[in-house]
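Protein chains in written order, with the numbering used here: chain C, 528 to 884; chain H, 528 to 884; chain W, 528 to 884; chain P, 528 to 884; chain S, 528 to 884.
Just so you know, even glycine gets a beta-carbon here, dropped at the ideal spot from N, CA and C.
See the structure below:
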């Protein structure tokens, strides 16, 4: 089913609708929309689940960093409210809701808009589900938009709570970096799983390939293609973030952004090497299958070929001519058998010498 | 037939004719040329079907936005009149009529000239028909040139009539954007259809591939190649529009143009992933066919190989030697049958152990 | 033979010879060198066949545009004379004579030097002959150098004579543009022919491929490769012409040069799409051939496989054991035949169920 | 096992951990961490094995060049101490410990940070083990971090001791260059080994290919892919070093850095040519195997085909019809044998004429 | 053997040796090192074989152009002397001796350093031997370093002696250009030979391919790959020379350098087209071989298939049942033969209708 959605690339918006029309293009993934707020400074932290967007407005005025995390995109009214409250462009809101977006980085002056994709590996189905995550980084706030309940940001919340590292002391740009970093780091987990899967398939391909092996190779290839389309643009995003001259990104965050960029490159290279491996596996598969087939055919043909001449000899002495002097000799039968044996052995010897056996 | 036109790349113009010679290179698609005019401002809208180009001249003088839509390109005189009335370069007129044009963006100072291609999916033939659409964006007018009756701009006309969104309040550059956006959005509809088609073919390829499957794969590949040649240059067009420093494109239209660009990229990426899938399908097809063939050959050869040795045994006892003591033993016949059975079973066991069965 | 010349890439010049040594590297294509002169202004036109280069000198002094067209390159003395008369660099002269030149554009300050290639489609041989055409554009003259008699510039001469379009009123840069444009337009004619050829081959490939089909595919592929090497550098030439800041190229010629560039791109894209088609055809060919072979093998093997077991049964009852009770039963023979029939039918049923038949 | 580690791309760091968390991602390769210090100037050299990082601090203050070499990365506390002592950024420390780093060059102002990879060829396993080497170049010090005991820098230590060449007189940038140069030079040794291996495999492929040959080709291809991923980024590193405008790199070191860059290019080109060779070998292998198979099948089929018609003749005269006049003729048996012989010879002649034999 | 050297990419220098260590990495190609000197101006020419480098020093002081040509690189002391006499950087000397150098262009301020490769076609072995040629262009001298005796510069020496063209009047930059031009021109000779070889192979591939054909195709492919690696960097060298802003290269030499660049591009394009041809030949070979095999298999299988059913009929009447009424009929035997004939003819007719025959 996930595969289907991928192939179709469905897009609910009708051609010709005005831009900024808010339509959620994904499937409803969660019961109700959740609004999680964390407001923190070096020496304070307030954490709250909000009932409405309005509750977040007072925090916006505080000098501290406000992180608003929205889970579930199916209530477009909530998105619209956030857009109004934080002054977001209608096209930004459209992009948040259109979950088939390519990862991108847009500097809108007052705020920076980021779209990235995270991945969930569904162990039981060996399938990958992608989720679009949109981030808005403002002067003193970060808003993150998630489709699913699954929380990729738990560790960051813990760091905020325990005030681990420099996160509480740094600004919203560092928080945005940390969120993106968590997503990129998560790719390595996915890659590890895929790597294990490739390894198994590789052993299978050399050892005992079946048509199923081929199907798995093809599925893996498709999955990697899919992953690749999510990760390649991420490279541009990471690079755009690093090179951004937005006043919202402090210089001290620079090395961290470069680090994210490096990790993205690493993910891409691992992906590319996986693709190479799968290509090689496909070749190996084809050649394994054909080797095995060849072996079967060869042995069988050789058996047939040995028996054909001696069956002919038997046929000759099965003829009913009245004048076949050999038939009367007492030693003729064993002689005939002997001739057959010699023919068979000679052929086997010939095949061996030719190294066909 | 559409395919033929594509392959031949026919071009009516004779080598050596002066540039700007107006020759319509397509086929006459419509009974007569239609001229549709819409003139609008924030608080007015006039809609009219014109009899001649002259009727549009007064609107040109008004400060409001004038949209002149021409359907049917076979009357070159009309094009020439428009060219004279709006001061278009002879090469621009030639390009409008030469419907094998590549999508392009040209800034002519007083006006901007755009060529894009839209697609029509002919459901019954599973074929794609492309149509060239030329746009001229002037200081207070937009002229669009269509080949066919089929109207890709209905939704925009409705938005103008109902004054939905910001379209009535914005200038001609926004109208031009909206027209291009409608065309790009239409690609997603085409892609969805192709995606469905790919899915069906994919199932067929794995399940029960026939030579027809191959033909369909090849046709699809050719269609995608065709689509690709229309869409790739569109990317440059979208990018040129966005980066254009023409005074005709207002800054506030910028984000919308960037949005069109993003969508174009998305179309291209979907196309590329379809191409990958079709490549994979071709490999799967070949390997499916050969797997099936191999299975047939293997089983048949095994049957033959089991019978060949035991047929030989039968042949031996069919020989007419007078001195074959075995023939006289009463238990010889059942023994011979038994030997044959043992040979057959031994071979089957051997094949099984070798995993050829 | 044309193919041979292509493969060898012969080049008469010995390594180490001084540059500027004038050696004609093509084959003598015409009886004698022809010098055609046209001198024109908005209101005058003089057309003449010259006996010697000297006759052209007075025209050089006139303010009108002088077009000197030379057909046949085998008399190097004539080239040298022209070089001296018009002040061309020795390397330019060498390039004119070395007909294996890559298309190029060189700005020599006082004049601009262009090398392009035109194509002649030899209908009877389905072969393509290429011809190098060199152009020198000076302040008030254009010199063109052709190898063959075949005249690609007839239509331009007619336009000059009838004063059609703006050609008589424009300068030598416009004439140079018109010459190049005629050559590029001629490519479309060639492409149309090749397109027809591809279509025929495509039908043949799907319908009834023979080893000849393969040879034709390979030849076409080679021809396209050849064409491609002529056209790709033309793109750079067209682009260099357009971007040139030479004082010899007037600004008003700009849009025309951009038009040539666009056409070149169109030629290249058509070529690339032809290459894709031929690649696809090669795949289809291979798979058609193997499909047909598979079908043959399958049916034949099935026939053999049906008869092998029943032949075995016949062999069993052909054995000469004295104690074979079945042989005496009156119904044994029809029973044996019946068993054979049942075996054969069972196998056919099995094959059908397995969908091998 | 080395292969496994490569496939999995394991990465111990949990997503969401704060950046700069020091976790060593490799396997513990050495008993205990070793700290080797060399401090030298044109006329002095002090060499010492340190017990703790603190011992190195006095040398840091001297104007002479200090080279601190650390072997073994599993004690993160030591790395942290070095970081504190030499003022390294936490992300740099993280990169030193994350041994799956891509080669890179980072200018941190006060110091320059380099990551490169060296290779160890494990002769017995025909496997390649890669090791990450991190370098920090400061104003008057160089720190190098190695994973394994194996010492790639022995020759440089000797040059320092014997004061060979200009190394003692030059600054720390020259030392850093020398270290990188030693690593790049080591690639040539690895390439030589691989080259030998390719040669052997090439002979095997043409002579007597077995399924093992294929496996070896695939392994080699994978190894080269791995090597390639280490070396390609090295190119950027070398180029970044050369173009660096860091005050830490003196101008006189420029030509040496360019030399390293040239060598890197040479390594890459050799690698690429090896890849080409292996691709060619794969094609040759497939075609060798199929040629051999074809030969087997052909000869065997021919044998079968010769005997089938003559066995039929024997079958005819084995029929038990009462009225078969031939059976009674005394010359019938030799005549039948003669006919069989003629048939066999005619078929062989036919096969020969068709060049199938 | 030449191939071996290529594969191994041997490199004598040990990792870690100081840069500038002079080790000759080639094989000693000539008995003793030869030093040829030519000193010339517009009106003088002195030619001499020197015994030692010292003899050249007085010429260095003259304002005339001094060309020092060294043949044989195995005496590193001579190279060192030249380095000292002409003030060359140690790395330049190392590069001269390391004959596995990539073609390159380095501007060292006082002199320009060039490495190019020339080729020798060994007719008898159909093998290509490459030779590295290093050039140093100074203010009034050119030094060339050759490995082998074979003289690629004979024609230039003749031009100097006979004062042909502008060579004697021009400066050392023109001499350097002439040397490089001679080398590039020599590639055309090599290409012509390879072209002939490709043509022969092409005919063989279509006509009567043998496994040897394949081997030759693969060798040719490898040779072209080798050639390609020599020529591609030459392109950068030619381009660097042309764009060089060194005071040593006079402006008037510019067009000549551009000419060399053009020729290099031409060599590269011919190479690429050869590679395409060889790729196509490989495909044709595979398909030829498989076509032929298919034909063999088809005809043979058909023969077998025709005889199998009729042999079965013979088997039936060879059964020994006592109650087979047909056996007694006098017309039974000819009837059985007739049935067999009809079966055989029917099968042939069927095969013909299916176009398998």
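**Request:** Check each residue of the stretch 578–600 of chain C: if its Cβ is closer than 8 Å to any Cβ of chain P, include it; give the result in chain order.
**Result:** Taking 8 Å as the Cβ-Cβ cut-off against chain P, none of the residues of the stretch 578–600 of chain C qualify.
**Asked** Does the stretch 781–799 of chain H come close enough to the stretch 768–786 of chain W that 3 or more CB-CB pairs lie under 8 Å?
**Response** Short answer: they don't touch.
**Item:** Cβ contact (3+ pairs, closer than 8 Å) linking the stretch 618–637 of chain P and the stretch 576–589 of chain P
**Value:** With a cut-off of 8 Å, the stretch 576–589 of chain P and the stretch 618–637 of chain P do not count as touching, because too few Cβ pairs lie within range.
**Prompt:** Which whole-angstrom value is the C-beta distance of residue 824/S and residue 828/P, which I expect to be below 8 Å?
**Reply:** At roughly 7 Å, the Cβ-Cβ gap stays under 8 Å, so residue 824/S and residue 828/P are in contact.
**Message:** Check whether the stretch 795–814 of chain P and the stretch 735–755 of chain P are in contact - that is, three or more C-beta pairs closer than 8 Å.
**Reply:** Touching, yes.
**Asked** Should the stretch 863–876 of chain P be called in touch with the stretch 868–883 of chain S, which here means at least 3 C-beta pairs below 8 Å?
**Response** Per the Cβ contact rule, the stretch 863–876 of chain P is not in contact with the stretch 868–883 of chain S (fewer than 3 Cβ pairs under 8 Å).
**Asked** Taking 9 Å as the CB-CB cut-off, is residue 777/S touching chain P?
**Response** Output row for residue 777/S: interface = no.
**Item:** alpha helix (DSSP H) segment containing residue 759/P, residue limits
**Value:** From DSSP, the alpha helix (DSSP H) with residue 759/P extends over 738–770.
**Cβ shell of residue 639/C (< 6 Å), same chain only, five flanking positions each side left out** = Leaving aside the five residues that flank residue 639/C on each side, the residues in its chain whose CB is nearer than 6 Å to its CB run, in chain order, 664, 773 and 775.
**Message:** Once the 5 residues before and after residue 875/P are set aside, which same chain residues still bring their CB inside 6 Å of it?
**Reply:** Within the same chain, no Cβ atom closer than 6 Å to the Cβ of residue 875/P is found once the five residues on either side in sequence are excluded.
**Prompt:** Should residue 877/W be labelled buried (16 or more other beta-carbon atoms within 10 Å of its own) or exposed?
**Reply:** With fewer than 16 Cβ atoms within 10 Å of its Cβ, residue 877/W is classed as exposed.
**Message:** Taking CB distances under 9 Å as the criterion, tell me whether residue 851/C reaches chain H.
**Reply:** At a cut-off of 9 Å between C-beta atoms, residue 851/C counts as an interface residue with respect to chain H.
**Asked** Closest by CA to residue 738/S, which one among 817/P, 597/P and 582/P?
**Response** Nearest option by C-alpha distance: 817/P.
**Cβ pair count under 8 Å reaching 3, the stretch 643–657 of chain W against the stretch 713–730 of chain W** = The stretch 713–730 of chain W and the stretch 643–657 of chain W touch, with three or more beta-carbon pairs separated by less than 8 Å.
**Request:** Identify the contact partners of residue 788/W in chain H, using a Cβ-Cβ distance below 9 Å as the criterion.
**Result:** Per Cβ cutoff of 9 Å: no residues; residue 788/W is ~11 Å from chain H at best.
**Prompt:** Looking at chain C, which residues of the stretch 688–700 of chain H have a Cβ within less than 7 Å of any of its Cβ atoms?
**Reply:** So the close ones are 691, 692 and 694.
**Message:** For the beta strand (DSSP E) containing residue 568/S, name the first residue and the last one.
**Reply:** In this chain, the beta strand (DSSP E) harbouring residue 568/S covers 561–568.
**Request:** Could you pull the start and end residues of the alpha helix (DSSP H) that residue 832/H belongs to?
**Result:** Counting along the chain, residue 832/H sits inside the alpha helix (DSSP H) bounded by residues 781–843.
**Request:** Indicate the three-state DSSP secondary structure (helix, strand or coil) for residue 649/P in the structure shown.
**Result:** DSSP, read as helix, strand or coil, puts residue 649/P in strand.
**Prompt:** Helix or strand or just coil, what does DSSP make of residue 776/P?
**Reply:** Looking at residue 776/P - three-state DSSP - the assignment turns out to be coil, as it is neither helix nor strand.
**Request:** Ignore the nearest five residues each way along the sequence and tell me which others in residue 741/P's own chain have a CB closer than 7 Å to its CB.
**Result:** 812, listed in sequence order.
**Message:** Assuming residue 731/W is part of the alpha helix (DSSP H), what are its boundary residues?
**Reply:** Counting along the chain, residue 731/W sits inside the alpha helix (DSSP H) bounded by residues 699–734.
**Item:** Proximal residues, the stretch 625–639 of chain S versus chain P, C-beta separation under 9 Å
**Value:** Taking 9 Å as the Cβ-Cβ cut-off, the stretch 625–639 of chain S approaches chain P at 627, 628, 629, 631, 633 and 635, given in chain order.
**Asked** Is residue 708/W buried or exposed, if buried means 16 or more other CB atoms sit within 10 Å of its CB?
**Response** Looking at its Cβ environment, which holds 16 or more other Cβ atoms inside 10 Å, residue 708/W is buried.
**Asked** Along chain S, in chain order, which residues have C-beta atoms closer than 8 Å to that of residue 836/P?
**Response** Those are 830 and 834, listed as they occur along chain S.
**Asked** Got a sec? Which residues, its chain only, sit under 8 Å from residue 713/H by beta carbon, not counting five neighbours each side?
**Response** Only 645, 646 and 679 meet the Cβ criterion.
**Message:** What residue range does the alpha helix (DSSP H) around residue 613/C cover?
**Reply:** Run containing residue 613/C: 603–613, per the alpha helix (DSSP H) assignment.
**Message:** If the cut-off is 8 Å on Cβ atoms, which residues from the stretch 743–755 of chain C count as contacting chain H, listed in chain order?
**Reply:** Hits within the stretch, in order: 745, 748, 749, 752 and 753.
**Request:** Output, in chain order, the set of chain S residues within a Cβ distance shorter than 7 Å of residue 803/P.
**Result:** By Cβ distance, chain S contributes 752.
**Asked** For residue 673/W, which option in 682/W, 684/W, 666/W and 661/W has the closest C-alpha, if you only look at C-alpha atoms?
**Response** Out of 682/W, 684/W, 666/W and 661/W, 661/W has the C-alpha closest to the C-alpha of residue 673/W.
**Request:** Could you tell me which residues DSSP pairs with residue 631/W in its beta bridges?
**Result:** 642/W.
**Cα-Cα separation between residue 568/S and residue 550/S, rounded to whole angstroms** = Taking the straight line from one Cα to the other gives about 36 Å.
**Prompt:** Among all the DSSP beta bridges, which residues are the ones paired with residue 575/W?
**Reply:** Its beta-bridge partners are 564/W.
**Asked** On the premise that residue 728/C lies in contact with residue 743/C, defined as a C-beta separation below 8 Å, what is that separation, rounded to the nearest angstrom?
**Response** 6 Å between Cβ atoms; contact.
**Message:** Can you confirm whether residue 768/H, when its beta carbon is compared against all beta carbons of chain C, has any partner nearer than 9 Å?
**Reply:** Not closer than 9 Å to any Cβ of chain C, the Cβ of residue 768/H fails to qualify, so no.
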